[in-house]
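The next block holds one structure in the form of structure tokens; read it before the comments.
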Amino acid sequence: MQTRFTTSQLQDPDIATSEAILRKCVHCGFCTATCPTYDLLGDELDSPRGRIYQIQNMLEDGSAPTPETVKHVDRCLSCLSCVTTCPSGVDYMHLIDHARAHIEQTYERPWPDRILRDLLSFIMTRPKIFRVVSRAVTILSPLARFAPGRLKGMMGIVPRLTPVRQTDRPGVFPAQGPRRLRVAILAGCVQPAISPEINAAAIALLNRHGVEVVVAEGGGCCGALPHHLGKTARSHALAKAAITAWIREIDGAGLDAIVVTTSGCGTTLKDYGFIFRNDPEWADRAARVAALSRDITELIADVGLRPSGMSGSLAVTYHSACSLQHGQRIKSLPRALLEQAGFTVREPTNSHLCCGSAGTYNLLQPEIASQLGDRKVKTLEAIPSDVIAAGNLGCIRQIATRTRKPVVHTVELLNWATGGERPMSLGTPPVPLPGSPEFPGAVS
Ligand code: SF4
Ligand code: SF4
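Number 1574 in the working numbering belongs to position 340 of the sequence shown; there are no gaps in the numbering.
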């Protein structure tokens, strides 16, 4: 693709990077076939190719974009399905990240949008405040039907709180038996408030496999949520706090990896080197952290899963989170681990398509997110299985609000299959009947 940036514009390293990305696009349109918003809305402007044109025009112009451009950029899920499909290797992720930051800096949104985005960035990245807000929403939930449109939808999405667990607090969780590795785990921001069982399962699983786990003081939110809202200052401040916490551990007792159980965050952590590439003070530290970042399934594969056969042979429908399959290119590994653990694993049709969660997307674009969520759940429910598993909290919430089937994190099943706690969402197992093979003391 030809570009028309001026020499002085190209002095800006962000513009220079985006220009190189734009030049790679040959307009072939292959990416449109796998884009969820194009699939749903059928508008070229809501396709990757259409967005690439609009972003090019916006960046070349350099000033505030039109409301029309903002609308189509905002509708992008950042699911990165187009990146997987593109035969020319167009780095759409960094292009859309740049576009969002440019919009945030130059465009004045209508005030309700501005307030909503500021509130999301403020509340969701502060676990204590998020807990207070979630508690208030829980108390007010009987009044949700009287709330105006968007607020009503949001009240339905905000999940109920669960008690704080020990594994949410900074500390060291020692390996069982001889220590093979020492890793840090990303504590996260929203996840410890609503699904602390996920990191608890990951830590128990790792400890059982000889891995010491540290929850580093100061390493809470990774900055992914404000990053995807284009709020660079807030996202960099959070990322720097996390980097500082982990570098202290790396240079202290040492770390073999930084483990992430929310694949949306994992994609951002692995990108820290790029995000801080032009910052001489942080580039080196950010690159060191990025190089150590691993999804939980990658680390478990490295240490070797040791199933105990305790979980029976449940059938699992595996939902592949976009941030895992497209963002981190981890597609078959979670499925292979679940099978190794003794589960029967099935995948739905169109498994490459996003469920519509996408960070704060389901709060900001509720109509599109809801349609994508309904479509996804239809394909997941079309498969006979006992449970749905995914490796990203956002997907788990988006799916769980639309199905009666239990939805769990992959790591909860792996933990259970190796002698850990049964996932809470599976409920209590049925009591075996006298005479059945499962009845204690039965002879098979
Ligand atoms: S598939 Fe790649 S090269 Fe083709 S239009 Fe899409 S982004 Fe451009
Ligand atoms: S990131 Fe997803 S929604 Fe956005 S253009 Fe690419 S495929 Fe479409």
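C-beta atoms are modelled at their ideal positions from N, C-alpha and C, and glycine is treated no differently.
query, result
"Which complete alpha helix (DSSP H) runs does the segment 1626–1664 hold, if anything under 4 residues is left out?", "1627–1634 and 1644–1651"
"If you check the beta carbons only, do residue 1606 and residue 1629 fall under 9 angstroms apart?", "no"
"What does the shell around ligand 2 hold, if a residue joins when its beta-carbon is under 6 angstroms from any heavy atom?", "1269, 1270, 1271, 1282, 1285, 1310, 1311, 1312, 1313, 1314, 1315, 1316 and 1326"
"Can the beta-carbon of residue 1502 be found closer than 9 angstroms to that of residue 1509?", "yes"
"How is residue 1443 classed by DSSP in three states: helix, strand or coil?", "coil"
"Looking only at C-alpha atoms, which of 1268, 1532 and 1341 sits nearest to residue 1321?", "1268"
"Please report how far the alpha carbon of residue 1303 lies from the alpha carbon of residue 1507, in whole angstroms.", "29 angstroms"
"Taking 9 angstroms as the threshold (C-beta atoms), are residue 1551 and residue 1580 in contact?", "yes"
"Just verifying my parser: in three-state terms, what is the DSSP assignment at residue 1508?", "helix"
"Quick one: what does DSSP say residue 1529 is sitting in, helix, strand or coil?", "strand"
"Where residue 1666 and residue 1547 are concerned, what is the direct C-alpha to C-alpha distance, given to the nearest angstrom?", "Because the pLDDT of residue 1666 is 49, which lies under 50, any placement of that residue in the model is unreliable, and the question is left without a value."
"Could you check if residue 1626 is buried or exposed, using at least 16 other CB atoms within 10 Å of its CB as the buried criterion?", "buried"
"In whole angstroms, what is the alpha-carbon distance linking residue 1554 and residue 1294?", "36 angstroms"
"Taking 9 angstroms as the threshold (C-beta atoms), are residue 1444 and residue 1212 in contact?", "Since the displayed the chain opens at 1235 and closes at 1678, residue 1212 lies outside it and no answer follows."
"Once the 5 residues before and after residue 1489 are set aside, which same chain residues still bring their CB inside 8 angstroms of it?", "1416, 1417, 1418, 1448, 1480, 1483 and 1526"
"For the beta strand (DSSP E) containing residue 1261, name the first residue and the last one.", "Run containing residue 1261: none; DSSP gives neither H nor E here."
"Buried or exposed: residue 1455, going by 16 or more other Cβ atoms within 10 Å of its Cβ?", "buried"
"Based on Cα-Cα distance, which residue from 1259, 1644 and 1505 lies nearest to residue 1659?", "1644"
"Under the criterion of a Cβ to heavy atom distance below 8 angstroms, does residue 1237 qualify as lining ligand 1?", "no"
"Taking C-alpha atoms, which residue in 1442, 1311 and 1343 lies nearest to residue 1330?", "1311"
"As a quick exercise: from 1326, 1309, 1433 and 1243, pick the residue whose alpha carbon is nearest that of residue 1591.", "1309"
"Between the alpha carbons of residue 1618 and residue 1468, how many angstroms are there, rounded?", "44 angstroms"
"For my contact list, residue 1654 and residue 1439 are in at a C-beta cut-off of 8 angstroms; report their separation, rounded to the angstrom.", "6 angstroms"
"Helix, strand or coil for residue 1551? Go by DSSP, reduced to three states.", "strand"
"So, with DSSP's three-state summary, where would you put residue 1303?", "helix"
"Taking the Cβ atom as the reference point for each residue, do residue 1464 and residue 1334 lie within a distance shorter than 9 angstroms?", "yes"
"Kindly indicate the opening and closing residues of the alpha helix (DSSP H) around residue 1475.", "1466–1485"
"Put residue 1246 into one of helix, strand or coil per three-state DSSP.", "coil"
"So does the segment 1419–1432 actually touch the segment 1270–1281, counting three or more Cβ pairs closer than 8 angstroms?", "no"
"Got a sec: does ligand 1 put a non-hydrogen atom nearer than 8 angstroms to the Cβ of residue 1258?", "yes"
"If you reduce the DSSP assignment to three classes, tell me which class residue 1669 lands in.", "Low confidence applies here, because residue 1669 scores a pLDDT of 49, under 50, leaving its location unreliable; read the following figure in that light. Coil at residue 1669, not helix or strand."
"Beta carbon of residue 1523, beta carbon of residue 1477: below 9 angstroms?", "yes"
"Report yes if the C-beta of residue 1307 is less than 8 angstroms from at least one heavy atom of ligand 1; otherwise report no.", "no"
"Which residue spans inside the segment 1599–1625 form an unbroken beta strand (DSSP E) run of at least 3?", "1621–1624"
"How many angstroms separate the CA atom of residue 1559 from the CA atom of residue 1586?", "8 angstroms"
"For a quick check, are the C-beta atoms of residue 1326 and residue 1255 less than 9 angstroms apart?", "yes"
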